[in-house]
Amino acid sequence: MAQTCGNDWICSGFTAFLPNAAWAPLIATVITVVVILVIAYAVRNIVHRVITRVVNRAAHGTPIAARWRKGNAVTDGIDALLHERRKQRAETMGSVLKHVASIVVLGTAILTVLDRLTIPIAPLLTSVGIVGVALGFGAQELVKDFIAGMFMLLEDQYGVGDVVDVGTAVGTVEAVTLRITRLRDADGRVWYVRNGTITRVGNESQGWSRAYLDVPVAYTADIAAVRDLLNKVADELWEDPDFRESVIVDRPDVFGVEQLSDSSMVFRITAKTLPARQADVARELRLRVKLALDSAGIPLAA
1 MAQTCGNDWI CSGFTAFLPN AAWAPLIATV ITVVVILVIA YAVRNIVHRV ITRVVNRAAH
61 GTPIAARWRK GNAVTDGIDA LLHERRKQRA ETMGSVLKHV ASIVVLGTAI LTVLDRLTIP
121 IAPLLTSVGI VGVALGFGAQ ELVKDFIAGM FMLLEDQYGV GDVVDVGTAV GTVEAVTLRI
181 TRLRDADGRV WYVRNGTITR VGNESQGWSR AYLDVPVAYT ADIAAVRDLL NKVADELWED
241 PDFRESVIVD RPDVFGVEQL SDSSMVFRIT AKTLPARQAD VARELRLRVK LALDSAGIPL
301 AA
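Taking the working numbering, the leading residue of the sequence shown gets 1, the next gets one more, and so forth.
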């Protein structure tokens with residue numbers, strides 16, 4: 001039995017309990033394989049739990065910059081958005097890490113089992129290497145997509161729910177994987193964009209956005225009166241709790257004459273908003289400016 005087991009101390013240990021059984025080495029081998037698979041499964045679960053714990057800590061942790069800020073509705077709203085974005089990114093990275101860990105652990109277990117079964121793995125590894133090189137040449141675009149997707153996730157270029165312009169399509173991100181990004185545009189059309197084809201990304205949902213409103217008035221209008229009126233509208237919007245607490249980040253700015261022609265003057269109002277909320281603020285500004293101009297008797301220029 002010892003010659004059958006060779007230098008395998010695990011097999012020898014098992015056969016020591018079955019010295020009179022001719023099939024003891026086979027039983028020992030089976031038990032060894034089962035032990036290897038059980039250990040691999042346990043290691044995989046432990047690694048997954050560690051990854052889950054790290055992901056949860058990264059997703060629910062408080063940013064350093066937010067720990068010393070005084071609590072108010074504006075910063076709380078921004079922190080809530082950043083928290084949700086950080087959670088999405090952490091969950092995506094956690095899913096990728098779990099898949100990689102499973103492949104590494106289970107792959108190592110399979111190679112160990114083959115070695116225990118005295119199946120030569122050197123030719124197998126050589127064959128896998130050759131096949132991998134061949135697939136690498138034949139699937140360069142796929143590899144490019146995976147690498148680009150990994151860097152997009154690591155650099156947090158965009159996430160689910162962001163409104164982005166990737167060149168070939170503009171829309172809201174519905175899903176991000178290592179290979180493709182799925183977008184839905186304003187018409188409801190779904191776009192599947194390979195990550196390797198994305199050369200630039202315009203993200204409207206990171207940090208903050210800005211709403212613009214150009215107000216054309218007659219050339220003969222009183223510039224000071226128009227500016228005072230627009231500043232009053234900006235102050236009222238900033239003091240409105242429905243907007244200051246949930247939409248607007250800073251007081252709207254009223255610039256001077258932005259454009260000038262022989263028939264009109266154009267004033268510009270800008271407002272810094274939470275990400276992707278600029279359209280809501282612009283619509284509210286249009287309504288308030290129109291009502292204020294009508295009340296003051298200042299007509300809009302054609």
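Ideal Cβ positions, reconstructed from N, Cα and C, are used throughout, including at glycine.
Self-check item: Residues near residue 146 in its chain [Cβ-Cβ closer than 7 Å; skip 5 each side]
Solution: 178, 179
Quiz item: When the Cβ atoms of the stretch 261-275 are set against those of the stretch 213-221, are three or more pairs found closer than 8 Å?
Solution: yes
Quiz item: Does the Cβ of residue 188 have 16 or more other Cβ atoms within 10 Å, making it buried, or fewer, making it exposed?
Solution: exposed
Exercise. For the stretch 34-43 and the stretch 102-118, state whether three or more C-beta atom pairs, one from each stretch, are separated by less than 8 Å.
Key: yes
Quiz prompt | Between the CA atoms of residue 299 and residue 220 - distance to the nearest angstrom | solution = 10 Å
Quiz item: Near residue 200, which residues of its chain fall below 7 Å by C-beta distance, leaving aside the five closest residues on each side in sequence?
Solution: 167
Quiz item: Do residue 101 and residue 51 have their CB atoms nearer than 8 Å?
Solution: yes
Quiz item: In chain order, what residues of the same chain lie with their CB nearer than 7 Å to the CB of residue 71, ignoring the 5 residues before and after it?
Solution: Caution applies to residue 71, whose pLDDT of 49 falls short of 50 and renders its modelled position unreliable; the value that the coordinates give is listed next. Excluding positions up to five away in sequence, the list is empty.
Self-check item: Cβ shell of residue 48 (< 6 Å), same chain only, five flanking positions each side left out
Solution: 98
Quiz item: What are the start and end residues of the beta strand (DSSP E) that includes residue 191?
Solution: 190-194
Exercise. Could you check what DSSP says for residue 214 in three-state terms: helix, strand or coil?
Key: strand
Quiz prompt | C-alpha distance - residue 68 paired with residue 87, whole-angstrom precision | solution = Because residue 68 sits at a pLDDT of 38, beneath the cut-off of 50, its placement in the model cannot be relied upon, and the following sentence gives the value as read from the coordinates. Looking at the two C-alpha atoms, the distance is approximately 21 Å.
Quiz item: What residue from 207, 173, 226, 175 has the CA that sits closest to residue 248's CA?
Solution: 207
Quiz item: Between the C-alpha atoms of residue 193 and residue 163, what's the straight-line distance to the nearest angstrom?
Solution: 14 Å
Quiz item: Quick one, which of 161, 41, 28 has its alpha-carbon nearest residue 108's?
Solution: 41
Quiz item: When DSSP builds the beta bridges, which residues end up paired with residue 202?
Solution: 165
Practice problem: Work out the CA separation of residue 286 and residue 304 for me, nearest whole Å. | Solution: The requested residue 304 is not part of the displayed model; the chain covers only 1 to 302.
Quiz item: Going by beta carbon distance, what residues of the same chain come within less than 8 Å of residue 175, once the five residues before and after it are set aside?
Solution: 160, 181, 182
Quiz prompt | Own chain partners of residue 218 with C-beta closer than 7 Å, once the 5 adjacent residues on each side are dropped | solution = 264, 299, 301
Quiz item: Terminal residues of the continuous beta strand (DSSP E) containing residue 171?
Solution: 170-176
Quiz item: What is the residue span of the alpha helix (DSSP H) that residue 117 lies within?
Solution: No alpha helix (DSSP H) contains residue 117, which DSSP labels as neither H nor E.
Quiz prompt | CA-to-CA distance, residue 233 to residue 256, given in whole angstroms | solution = 15 Å
Quiz item: How many Å lie between residue 241 and residue 262 at the Cα?
Solution: 40 Å
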